[in-house]
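Residue numbers (mature numbering (1 follows the signal peptide of the UniProt record, and there is no 0)): -18 to -1, 1 to 363.
The C-beta atom is built at its ideal place from N, Cα and C for all residues, glycine as well.
Here the structure is a predicted model, which means the values were calculated and not measured.
Taking it in order: structure first as structure tokens, then the write-up.
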């Protein structure tokens, strides 16, 4: 009698968990989306694997794209209509978001006559002659890195690729930003390692689900290596809560984060992950320390760095190619390099404390920024 009673009770509980009375709404993305692809946020009390056990035992078999571990409590999946109907009735789920598509936005200038970033800012900052960020790992979440480019001096390596792309940078943006952080001729942290995390395709377009997977990878690698870790993310999109959570979670686990303010010329408070409070959000200025007209602004900006006519490494067969680009994408990795040098010179700190140092040592010399926006120009210390 008792086994029958217990079985009946268990059946009632299982049924109630699987079928709440209302459908969970799907949060729409403001931009383009990946068809039938969603990011599922599980309630904090839900064990992910138990959720999947229930999901597949129900006869529902969605295509699971990613099971996130540390960056986000949930997963990415492709659902057909019946599968989506089931997941919208699961009491395990907190919310469902469309998988947004993102694209880089930057200017290419077919000239290399402008001085590089070091030369432009040489009169403004102390360029470290100490250990140059030795022992620090910088992860570039971007289009990949041409790791054999001479600018990296053997310090570049491939970390991971998310999105089904080839393990190569055919776009160039990722190589440019990587060398701006650590390149021998163009960067600051000339003793740091740079690791490619490819989350965007050859056309510089990708999905937020891939970016979150990349952040998840960085968290895991940082924990395994035990080395000071910086992630630099030179892309910005419409407000997207899952990626904001992923960046904030990475920072809470000790990963220093630099993110681009964006190139729309608007307040960055509506942009992800630029408005993440814990991140270092970087705006772009020209060589005269004037805010670039394309750069986003607002209270979310932490410091400014050069983002106009920046010379850095580019992809190509010789491994010595360069190109001049403009954008907050260019300003952001430079600050990542400065953080790496500070860690190398003075030791690692919590992300919050290092961010305080970054702003405490910056110079209030930027002009052209609207009221309510900092005027702090990044400076090494």
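So, under 8 Å CB-CB, residue 298 and residue 116 are touching, yes? Tell me the CB distance rounded to an integer number of Å. Not really, about 28 Å apart at Cβ, beyond 8 Å.
Ordered along the chain, which non-local residues of its own chain (more than five positions away) have a Cβ less than 8 Å from that of residue 257? 221, 226, 250, 251, 263, 282
Residue range of the beta strand (DSSP E) that includes residue 239: 238 to 242
Ordered list of beta strand (DSSP E) runs contained in the region 186 to 212, each at least 3 residues: 187 to 189
How many Å lie between residue 38 and residue 277 at the Cα? 46 Å
Which residues bound the beta strand (DSSP E) around residue 150? Careful: residue 150 lies outside any beta strand (DSSP E) and carries neither H nor E.
Quick check on residue 346: does DSSP put it in helix, strand or coil? strand
In angstroms with no decimal places, state the Cα-to-Cα distance between residue 314 and residue 41. 46 Å
7 Å CB neighbourhood of residue 350 in its chain, flanking five on each side removed: 272, 273
Could you compute how far the alpha carbon of residue 218 sits from the alpha carbon of residue 186? 12 Å
Please tell me whether residue 224 and residue 46 are closer than 7 Å, where the distance is taken between their beta carbons. no
Would you check if the region 159 to 179 and the region 122 to 135 touch, i.e. whether three or more CB-CB distances between them fall below 8 Å? yes
Taking its Cβ as the centre, do 16 or more other Cβ atoms sit within 10 Å of residue 26, making it buried, or is it exposed? exposed
Inter-residue Cα distance where the pair is residue 270 and residue 323: 24 Å
Enumerate, from N- to C-terminal direction, the unbroken beta strand (DSSP E) stretches of 3 or more residues contained entirely within the region 289 to 358. 292 to 295, 304 to 308
Please return the same chain residues whose Cβ sits closer than 7 Å to the Cβ of residue 61, not counting the five positions on each side in sequence. 18, 20, 44, 69
Less than 7 Å between C-beta atoms, sequence neighbours within five positions excluded: which residues of the same chain meet that for residue 344? 285, 358, 359, 360, 361
Nearest to residue 189 by alpha carbon, out of 320, 333, 240, 48? 48
Hey, how far is the Cα of residue 142 from the Cα of residue 132? 21 Å
Near residue 337, what residues of its chain come up, given a Cβ to Cβ distance below 6 Å and the 5 sequence neighbours on each side ignored? 262
Using only the alpha-carbon positions, how far apart do residue 24 and residue 228 sit? 14 Å
Take the Cβ of residue -7 as the centre, count every other Cβ of all protein chains shown within 10 Å, and call the residue buried at 16 or more, exposed below. Residue placement at residue -7 is poorly supported in this model, since its pLDDT is 38, which falls under 50; the coordinates still yield a value, given next. Flag for residue -7 reads exposed.
Report back the beta-carbon spacing between residue 156 and residue 122 to the nearest angstrom; my notes put them in contact at under 8 Å. 6 Å
Less than 7 Å separating the beta-carbons of residue 260 and residue 230? yes
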